[in-house]
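The structure appears below as structure tokens.
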Amino acid sequence: MELPELETFSERVYWVVAQVPSGAVASYGQIAHLAGAPRAARAVGTLMRRSKENGHEDVPWQRIINSKGAIAFKGDTLRAEHQVRLLVAEGVVFDDYSCDMDTFEWSPDHAYWAVEW
DNA sequence: GTGATGACACAAT
DNA sequence: AATTGTGCCATCA
3 MELPELETFS
13 ERVYWVVAQV
23 PSGAVASYGQ
33 IAHLAGAPRA
43 ARAVGTLMRR
53 SKENGHEDVP
63 WQRIINSKGA
73 IAFKGDTLRA
83 EHQVRLLVAE
93 GVVFDDYSCD
103 MDTFEWSPDH
113 AYWAVEW
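When you read off a place in the first sequence, starting at 1, and then add 2, the result is the number in this note's numbering.
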């Protein structure tokens, strides 16, 4: 695949997230880093929450969790359970709203991840 | 332009 | 292990 030339941070984030394969997960911080803003993990969370209304209904938002391997918004039980269901269906093993990052965290394996946006 | 808001991350309790 | 405090930063109002 080719590295697209995306202007805005949000577009780059959505593109990176789209690269995460089924059966794997990635942290907000990892996505922020790959999108060129290493410390913008928090902003990535905002973008995942709003992905649908931003016109990115197809991005696998459910694969983005926090750095500890847990669902980020335990407050919203309904939504959290939905996310876990989706991930389990993809083969990720969850226990008490969290999974083992050593096993399931996505490892980007292409050289172009080193390029600068 | 300015300040408030989070699906974060990390260190210190 | 769980909670609290700080830093962060793209969005939104």
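We put the CB at the ideal spot given by N, CA and C, even for glycine.
Among all the DSSP beta bridges, which residues are the ones paired with residue i?
i: residue 29; result: 67
i: residue 100; result: 72 and 97
i: residue 107; result: 27
Let me know if residue i comes out buried or exposed under the rule of 16 or more other beta-carbons within 10 Å of its beta-carbon.
i: residue 46; result: buried
i: residue 58; result: buried
i: residue 71; result: buried
i: residue 89; result: buried
i: residue 80; result: exposed
i: residue 35; result: buried
Can you name, in chain order, every residue of its own chain whose Cβ lies under 7 Å from the Cβ of residue i, other than the five neighbours on each side?
i: residue 67; result: 27, 29, 73 and 74
i: residue 106; result: 26, 27 and 94
Counting along the chain, where does the alpha helix (DSSP H) carrying residue i start and finish?
i: residue 12; result: 11-21
i: residue 44; result: 43-51
i: residue 58; result: Counting along the chain, residue 58 falls outside any alpha helix (DSSP H), and DSSP gives it neither H nor E.
i: residue 84; result: 79-91
By Cβ distance, which residues of its chain are closer than 6 Å to residue i, with the 5 residues on each side in sequence left out?
i: residue 108; result: 22, 26 and 28
i: residue 78; result: none
i: residue 20; result: 61
i: residue 24; result: 92
i: residue 85; result: 64 and 73
Give me, in chain order, the residues of the same chain whose beta-carbon lies closer than 8 Å to that of residue i; leave out the 5 immediate sequence neighbours on both sides.
i: residue 38; result: 11, 14, 118 and 119
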